[in-house]
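As C-alpha cells, the structure follows; a few thoughts come after it.
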Amino acid sequence: MSWRLFKQFILRPLLKERARTITTTIGIALGVGVVIAIQLTNASSVRGFETALSTVAGKAGIEIVGTGGINESLLPELGWLREFGAASAVIEGEMAIVEGTAVRPAQRVEALKVLGVDILRDLTLREYVVGAAATSGAQPEGLGGDTLTPQRFLELLTSPQSVVITEKLARRRGYSLGDEIRLMAGDRVNTYVIRGLLKDEGPARVMDGSFVLMDIAAAQLAFDRLGRVDRIDVVLAGASDNAAIDAAVEGIGARLPDGLTAQRPGRRGQQVERMLAAFHLNLTALSWVSLVVGLFLVYNTVTISVIARRDEIGTLRALGVTRGQVLALFLGEAAALGLAGTIVGIGLGRLLADVAVDLTSRTVSTLYIATAAVPPALTPGLIALAFAIGIPLSLVAAWLPSREASLVSPTAAMRGHDRLESRVHLRPRALLLPLAVLILAGGLATLPPINGQPLFGYASSFVTIIGASLLVPAIIYGLARVMRGPLRRMLGVEGLLAHANLSAAIPRLSISVAALAVSLSMMVAVAVMIGSFRDTVVYWVGQTLQADLFIGPGMRPTAGSEQTLSATVIDAVRAHPDVAAVDSFRNIDLVYNNNLVVLGAGNFDIVLSHGSLLFKEPADGREALRRAIGTESVVVSEVFANKYDTKPGDTLMLQTPAGPRPFAVVAVYYDYAVDRGVIVMDRATFVRYFGELAPSGVAAYLKPGAEPEQVRSEILAGLDEGHRAFIYTNRALRAEVLRIFDSTFAITYALEIIAVVVAMLGVGATLLTLVIERRRELSMLRLIGAARRQVQRVVVIEAALIGAASQAIGLVVGLVLSVLLVYVINVQSFGWTIQFRIPVAFLAQVSIAVVIATALAGIYPARQAARLVLTQDE
Amino acid sequence: MSALLHATDLQKTYVTGEARVTALAGVSLTLEPGDFVALMGPSGCGKSTLLHLCGGMDRPTLGEIVFEGKPLASLGDDQLTRVRRDRIGFVFQFFNLLPTLTLGDNIALPCLLGGMRPADAEARAAQLAGRVGIGHRLQHYPQQVSGGEMQRAAIARALVHQPGLLVADEPTGNLDSENGARVLALLTELNSELGITILLATHSSEVARAAQRVLRMRDGKFDDVVAAV
Chain B
26 MSWRLFKQFI LRPLLKERAR TITTTIGIAL GVGVVIAIQL TNASSVRGFE TALSTVAGKA
86 GIEIVGTGGI NESLLPELGW LREFGAASAV IEGEMAIVEG TAVRPAQRVE ALKVLGVDIL
146 RDLTLREYVV GAAATSGAQP EGLGGDTLTP QRFLELLTSP QSVVITEKLA RRRGYSLGDE
206 IRLMAGDRVN TYVIRGLLKD EGPARVMDGS FVLMDIAAAQ LAFDRLGRVD RIDVVLAGAS
266 DNAAIDAAVE GIGARLPDGL TAQRPGRRGQ QVERMLAAFH LNLTALSWVS LVVGLFLVYN
326 TVTISVIARR DEIGTLRALG VTRGQVLALF LGEAAALGLA GTIVGIGLGR LLADVAVDLT
386 SRTVSTLYIA TAAVPPALTP GLIALAFAIG IPLSLVAAWL PSREASLVSP TAAMRGHDRL
446 ESRVHLRPRA LLLPLAVLIL AGGLATLPPI NGQPLFGYAS SFVTIIGASL LVPAIIYGLA
506 RVMRGPLRRM LGVEGLLAHA NLSAAIPRLS ISVAALAVSL SMMVAVAVMI GSFRDTVVYW
566 VGQTLQADLF IGPGMRPTAG SEQTLSATVI DAVRAHPDVA AVDSFRNIDL VYNNNLVVLG
626 AGNFDIVLSH GSLLFKEPAD GREALRRAIG TESVVVSEVF ANKYDTKPGD TLMLQTPAGP
686 RPFAVVAVYY DYAVDRGVIV MDRATFVRYF GELAPSGVAA YLKPGAEPEQ VRSEILAGLD
746 EGHRAFIYTN RALRAEVLRI FDSTFAITYA LEIIAVVVAM LGVGATLLTL VIERRRELSM
806 LRLIGAARRQ VQRVVVIEAA LIGAASQAIG LVVGLVLSVL LVYVINVQSF GWTIQFRIPV
866 AFLAQVSIAV VIATALAGIY PARQAARLVL TQDE
Chain C
3 MSALLHATDL QKTYVTGEAR VTALAGVSLT LEPGDFVALM GPSGCGKSTL LHLCGGMDRP
63 TLGEIVFEGK PLASLGDDQL TRVRRDRIGF VFQFFNLLPT LTLGDNIALP CLLGGMRPAD
123 AEARAAQLAG RVGIGHRLQH YPQQVSGGEM QRAAIARALV HQPGLLVADE PTGNLDSENG
183 ARVLALLTEL NSELGITILL ATHSSEVARA AQRVLRMRDG KFDDVVAAV
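If you read the protein sequences in the order shown, they are chains B and C. Reminder that position 638 of the first sequence reads as 663 in the numbering used here, one-by-one numbering, no gaps. Reminder that position 150 of the second sequence reads as 152 in the numbering used here, one-by-one numbering, no gaps.
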C-alpha cells in the first residue's frame, strides 16, 4: 500500500473531520496521560523519599540502626567499626520554620530536613561546600565554594543555637548570615542563628534545599533525644562494590550487640516502597480504567471511518486493492490516532501529575512519609511506556472495524445492499461464554494474595468486567424487548424510533455501552467501597475516640520522622483543674518481617477506665487488656493480624534495643488509622524494653461538666512562645479524621471522573457512528415528514437510553465489584473490616446525572442528524 | 378547478468545488388534481431533481413552485416539513422502509409523526395495508417480506396521511417484472379509483404507458409532451 493512498484515504479525512479526530485524540491522550500521571505520582512519593535518603546518606554504604534509635552509651563499644571504615553517628529529623509570633501552631511555613552530626567525623562521609560563613562575633566571609577547614567548620557549629542552612533556602526566604531563624521540632520552638550557607552540593540538595545542618548535641536537644542517636552511617575503607558491602554488612552485623542491625541505606527506601505498595497498586489499577475506556473511542472512530467510506472501500476493492491493504489502511488510521494521542498524552500526563501529586501528597504525608510533593521528571522509560501502551492498544482497539472494512465486498458496497442491518437475534448459546467468564471471576476471588498484594482480587475484578462486557449485548437485547411498549407510550413516536434504531444497532452499541458501563461500574464500586468505609470509620471513631481532648506536637509525625511532646506541655495539660485523667501514648517505627509497622505504647489502665477500644477477638477484649497491663503482652490491630496471620495466643518476636524478645498477643482490635499494622503494649512494658521515650501525644479526659473548648483554649493560652501543640476537642478530631479520610479518596474520584468523561465522549462518538450509519434512514424520516426537532429528539432519546442502560448495567456490575473491593481487595491489601453499605442517595444522584450527561453528549450527533440532506440519490 | 401544483421555469444548479452542474435548465409543469404524470429520460436528465423539487425535498435555484395555492419558496423548513408530512407521499426505488420497524409501524409513521393518536394511526395503517394487499404482513419486518410487498408497504405509507400528491421515483425499478406489474396496477387503481395525483419518474416505457401524460426530459429540459392513450 502506498503512502499516497494512506495520505489520501486516511490522513486527509482525519484532518478534515476535526471534531472526530480531536475527540479521539483527547480520549487516547487522557487515557495515556492518566497512566503516566499516576506512575509519576507514585514515583514522587517513593522516589522523593529515596532521593532524600541517598542524598543524605552521602558516601555511606552501610548504616547501623536500632528500634527506637541507638543508645549513646553503646557508641564507645563500637570502636571496632574503624576496622571497616569511617563511622559517623547522626540524628535525622524534620523541623518546620515558624514565622511570626502567633500562638497558633499552624504558623509553620516550611518543613526542613535536619541533620545533626559530629562534623569532624561526618566530613569523611558527606560533602558540605560552605559558600559563606560567619562565626559568632566575626564578620561574614564569602568562601566562593572553597573548602572550609574542619577546624573552621567546627567553630561554626559550636553553639547549640548555631545552624548552617542552604543558599537556596536563604535565597527563597530572604535570610542572611547571622539572622535568627525559629524552628519547631515536636512541640518545641527554638531560635537559632544562621552561621553558614551551603552550596547546592551533597546533602544540601535534599528536598530542594530545605535542609538544616547542626551539631549532633544540638539536634539531640532540639528533638528531645538526649542519650540516643538515630543511626550510625559507615563509609567503607577500600573497595565499595556490592560484594564488599554485602560482606561488610554481614561482618558488622555479626559483631553488633543485640538490638542493632547493619543494613544498606536503601533498605529504608525499600521498606517505604513496600509500605506504599498497596496504595500505589490501587491508583495504578484505577488509572488503567481511563485508558481502557479511551480505547473504546479508537474503536468508535475507526468504525465511523469504515462506515462513512464503505462505498470508497468497495471502489478500492473493485480497483484491485487487496483485503490486507484495506486492513492496513484502517490500522494505519488507528496508529496515527494512537501516535497523536500518545504524544499529547505524555504532555498531559506531566500536567496531570502536578494535580495528582497535589491530591495524594496530603494522604502520603499524613498517613505514610514526609516527602517533597513534586512530581519527578519524565524518564525515557515512562515515555517508552506511553508509546508502548498508546499505539499497540489503539491497534488492538481498531482491529474489529478494520477487519470489517477488509471484508467489504466490491459489489455489495457499490450496490449499497449490505447497509440494511437486520434485526438482532439472541442465541442462548451466546450466554455461555460470558457466564463461564463470570464463574472464572468468582473462582479467582477466592484465591489468596501474592506477597500481600491482592493480585487475584484485581484479576477477578478485571475478569468480572470482561464477563459483564460480553454479557452487554444480551442485556441490551433483553432491555430492548421489555422497553418497547413503555418507550412508545411514554415518549411517543420519537420513543418508538429511538427504540427501533437502538435495537437494530445492538452489536455496534454494545461496545459503547460496555465502555460506559465499565467506567460507571468502577465509579459505583468505588462509591460503595468509600461510602461503606466512611460509615465504618464514623462508627469506629464514635466508639473509640472517647477522650475529650487530644494533644499532639505542632510538628506532625510521619514514618521516619518522629515528633514528640515535651514534659512542659504534658504538665500543662495535667495541671489543668478540669482534667481528670491523661493517657499518654508513644508510637515508634518498628521493623517487623522486613516491613515497617507501628509500635505503640499506651496506659492500658486508663484505656480501661476511660477509653474504649473495639475488639475483634477475643469476645472479652477488655479482660485481655487488663491481663496485658505491665506484662510481656501486646494487642494488635486487625490490619496487623490479617497481614501477618496473627491471632490471640500467638507470640511475636519483636526487635527491642536489647535484641529480639517474645510478646504474647492477647487481643485484636479494630483500627482504621494505620494501614501498615499496629502493635500496642502497656506503657510500663514499653518503658522496660524501649526506655523512657517522650510521648507522641496525649489524650485527656475531663471532669464531668467541663467545657472541652474552654479547657483547650486555656491550655493553649498557658503555653509559652517556645511550645506549640495541636489540641483537638473530641468533635474537632472526629471532623479532622473524616477530612483526612475524604482527602485520601479525592484522587480516586478524580480518576473516576476522567474515566466517565472519556466514556461520555465515547457515547457521543457512537451516536455519531449510528447517525452516519443510518443517514439514509434518517433522511428518509425527514422526507416523510419528521421535523428537524423530531429527528434531534430521537437521537437525544437514544443517547439518554444508552446512558440509562449503561448506568443500569454499571450499577449491577458496580455492586459486584464493590463486594470484591470490600471483601477481597481491601481485606488482602489493607486488612480492614468494612461494614458493607450502599449509598443509595448518592447512586440515585449519579444515575440521574449520567442520563442527563449522556443526553447532552447526544446533542452534537443529533444536530448532525437533523442536518442531513433530504435527497435520496444513493 | 385550480391546479394542484404549478412549477414555473425551474432551474437547479449544483456547485461542487469549482464545478457547476445544471440539473434543471428552466422547466415548467402543472399538475391538476387526479393527474398521473410520468417523467421519462436517460440517467442524469434531471427527472429525479424535478421530483425532489415538486416533493418539497429541495429548493430550486431559480423559479417558483406553487403547491395547493402556497408558494413553497415562502415556507420555512418547518412549514415545508409539514407540507411533506401532511400533503405529499413518497415512493422510492429502494422502498426506503425503516428496517427496524414492522410494516405496520412503517405505514403508520407519517401519521404518528403528525401527532395522530397511535390507535387511530394504526387503524388507518391496517386499513391501507389491506387495500394494497399486505394486511397479513403488518407485524413483519421489511427484511422478512418480498420486494413487491415492501414496495406495497411503501405505497401504503405514502398514502396513509391522505396526501394531495404522490411522488414516486422509479417505483418498479428494483422489482422483478411480476411484482413490478402488480405495483403498477396498484398505482393505476389508486389514481383512477381514489383520484390520487401521481407524479412518477421512470425508465420504463411500460410504466410510462400507465400514465395519462408522459414528459420526456433531456439535459434538464422537457423534450416534448405526449398524451398517454
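From the three backbone atoms N, C-alpha and C, an ideal C-beta is built for every residue, glycine too.
- Put simply, the stretch 134 to 145 of chain B touches the stretch 234 to 243 of chain B. At least three CB pairs are less than 8 Å apart.
- Runs of the alpha helix (DSSP H) lying entirely within the stretch 14 to 75 of chain C, each at least 4 residues long, are 49 to 56 in chain order.
- For His-8 (chain C), the pairing in a beta bridge is given by DSSP as C:Thr-32, C:Val-68.
- Secondary structure remark: continuous beta strand (DSSP E) runs of at least 3 residues inside the stretch 321 to 353 of chain B: none found.
- Residue environment for Arg-764 (chain B): exposed (fewer than 16 other C-beta atoms within 10 angstroms of its C-beta).
- Met-118 (chain C) sits in coil when the DSSP states are folded into three classes, being neither helix nor strand.
- Between Ser-557 (chain B) and Gln-860 (chain B) a beta carbon distance of about 6 Å is seen, short of the 8 Å cut, so the two are scored as contacting.
- The C-alpha of Gly-743 (chain B) lies about 7 Å from the C-alpha of Ala-597 (chain B).
- Taken in chain order, the whole beta strand (DSSP E) runs of length 3 or more contained in the stretch 817 to 889 of chain B number zero.
- Within the stretch 497 to 526 of chain B, those residues whose Cβ lies closer than 8 Å to any Cβ of chain C are, in chain order, Arg-513, Gly-517, Val-518, Leu-521, Leu-522, Ala-525, Asn-526.
- Any Cβ of chain C closer than 8 Å to the Cβ of Glu-802 (chain B) would place that residue at the interface, and such an atom is present.
- For Arg-813 (chain B), the neighbours in chain C by C-beta distance under 8 Å run, in chain order, Asp-79, Asp-80, Thr-83.
- Nearest C-alpha to Ala-5 (chain C) among C:Pro-73, C:Leu-41, C:Gly-78: C:Pro-73.
- Using a CB distance cut-off of 8 Å, Leu-100 (chain C) counts as an interface residue toward chain B.
- Of all residues in the stretch 57 to 72 of chain C, only Met-59, Asp-60 place a beta-carbon less than 7 Å from a beta-carbon of chain B.
- Inclusion of Val-314 (chain B) and Ser-544 (chain B) in the CB contact set at 8 Å is warranted, their separation being smaller than that value.
- Between Gly-28 (chain C) and Lys-223 (chain C), the C-beta spacing is below 8 Å.
- Rounded to the nearest whole angstrom, the C-alpha separation of Ala-68 (chain B) and Arg-151 (chain B) is 26 Å.
- Contact check between the stretch 545 to 556 of chain B and the stretch 729 to 740 of chain B: fewer than three CB pairs, one atom from each, fall below 8 Å, which does not count as touching.
- In the DSSP assignment, Ala-203 (chain C) is bridged to C:Leu-41, C:Asp-171.
- In this structure, the alpha-carbon of Ala-187 (chain C) lies about 24 Å from that of Tyr-143 (chain C).
- At a C-beta separation below 8 Å, Met-805 (chain B) has these neighbours in chain C: Asn-98, Leu-100.
- Listed in chain order, the non-local C-beta contacts of Val-433 (chain B) below 7 Å within the same chain comprise Arg-335, Ile-338, Gly-339, Arg-342, local neighbours out to five positions each way being set aside.
- In this structure, the alpha-carbon of Asn-620 (chain B) lies about 26 Å from that of Trp-565 (chain B).
- By the neighbour-count criterion, in which 16 or more other beta carbons inside 10 Å mark a residue as buried, Gln-33 (chain B) falls on the exposed side.
- Nearest to Ser-330 (chain B) by C-alpha distance, out of B:Arg-220, B:Leu-418, B:Ser-431, is B:Ser-431.
- Between the stretch 623 to 643 of chain B and the stretch 114 to 122 of chain B there are fewer than three C-beta pairs closer than 8 Å, too few to call the two in contact.
- Our two residues, Leu-31 (chain C) and Gly-182 (chain C), have alpha carbons roughly 27 Å apart in a direct line.
- Within the same chain, Cβ atoms closer than 6 Å to the Cβ of Val-762 (chain B) are found at Val-566, the five residues on either side in sequence being excluded.
- Within chain B, not a single residue places a beta-carbon under 9 Å from that of Gly-150 (chain C); the smallest gap is close to 17 Å.
- For Met-515 (chain B), the enclosing alpha helix (DSSP H) covers residues 480 to 529.
- CA-CA distance, Pro-112 (chain C) to Ile-332 (chain B), rounds to 28 Å.
- For the stretch 95 to 129 of chain C, residues whose beta-carbon sits nearer than 8 Å to a beta-carbon of chain B comprise Phe-96, Asn-98, Leu-100, Pro-101, Thr-102, Leu-103, Asp-107, Leu-111, Pro-112, Leu-114, Leu-115, Gly-116, Pro-120.
- If you ignore the 5 residues before and after Ala-381 (chain B), its C-beta comes within less than 7 Å of the C-beta of Ala-62, Ile-63, Thr-66, Ile-772, all in its own chain and listed in chain order.
- For Arg-86 (chain C), the chain B residues whose C-beta falls within less than 8 Å of its own C-beta are Leu-808, Ile-809, Gly-810, listed in chain order.
- Asn-181 (chain C): member of the alpha helix (DSSP H) spanning 179 to 196, first to last residue.
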